[in-house]
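One structure below.
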Amino acid sequence: MEYKKPSYIKICHYAILKVLAESNEPKYFNDLVEYTGFEPKYIVSALKRCYRQDEISKVVRKKTEYTITKQGLKKLKVYDEKLNLGNYWTPPWEE
Numbered sequence: 000m001e002y003k004k005p006s007y008i009k010i011c012h013y014a015i016l017k018v019l020a021e022s023n024e025p026k027y028f029n030d031l032v033e034y035t036g037f038e039p040k041y042i043v044s045a046l047k048r049c050y051r052q053d054e055i056s057k058v059v060r061k062k063t064e065y066t067i068t069k070q071g072l073k074k075l076k077v078y079d080e081k082l083n084l085g086n087y088w089t090p091p092w093e094e
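Listed below in structure tokens is the structure:
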């Protein structure tokens with residue numbers, strides 16, 4: 000069975016979940032842009048997708064903080080094991 004390449008937003012979605020899972024502290028929007036390397040418009044779309052699916056939670060203070068939820072950890076596991084999205088995006092700390 001031949002797999003097609005995942006969409007850019009799905010890879011960005013994976014990158015956000017990976018960054019939030021690897022860090023043990025909440026991240027701000029600017030941190031996500033810096034760590035993932037994606038353009039802000041793609042980060043916004045992926046964050047909306049994550050939030051709609053209850054994979055992240057956000058705390059609004061002076062700046063909005065994002066953290067991963069249990070649902071997000073499950074989705075990240077699926078992305079890693081079944082879809083192999085790690086082949087399309089490598090975290091900067093693993094390069």
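Residue numbers (numbering that gives the first Met the number 0): 0 to 94. The C-beta atom is built at its ideal place from N, Cα and C for all residues, glycine as well.
Inter-residue spacing [alpha-carbon to alpha-carbon] between residue i and residue j
i, j, result
"M0", "L72", "Low local confidence applies: a pLDDT of 48 at M0 is under 50, so the model's placement there is unreliable, and no value is given."
"F28", "I42", "8 Å"
"R48", "G85", "19 Å"
"K26", "L75", "17 Å"
"W88", "K61", "31 Å"
"K69", "P39", "25 Å"
"Y78", "A14", "10 Å"
"R51", "H12", "12 Å"
"V59", "Y65", "9 Å"
"N83", "I55", "21 Å"
"L31", "T63", "12 Å"
Residue i burial status per 10 Å Cβ neighbour count (16 or more: buried)
i, result
"T35", "buried"
"K17", "buried"
"E24", "exposed"
Where the beta strand (DSSP E) through residue i begins and ends
i, result
"S56", "I55 to V59"
Beta-ladder partner(s) of residue i, from DSSP
i, result
"T63", "V59"
"Y27", "E64"
Same chain, Cβ closer than 8 Å to residue i, five either side skipped, listed in chain order
i, result
"P91", "Y34 and G36"
Boundaries (first-last residue) of the alpha helix (DSSP H) holding residue i
i, result
"L75", "K69 to E80"
"Y41", "P39 to R51"
"E21", "Y7 to E21"
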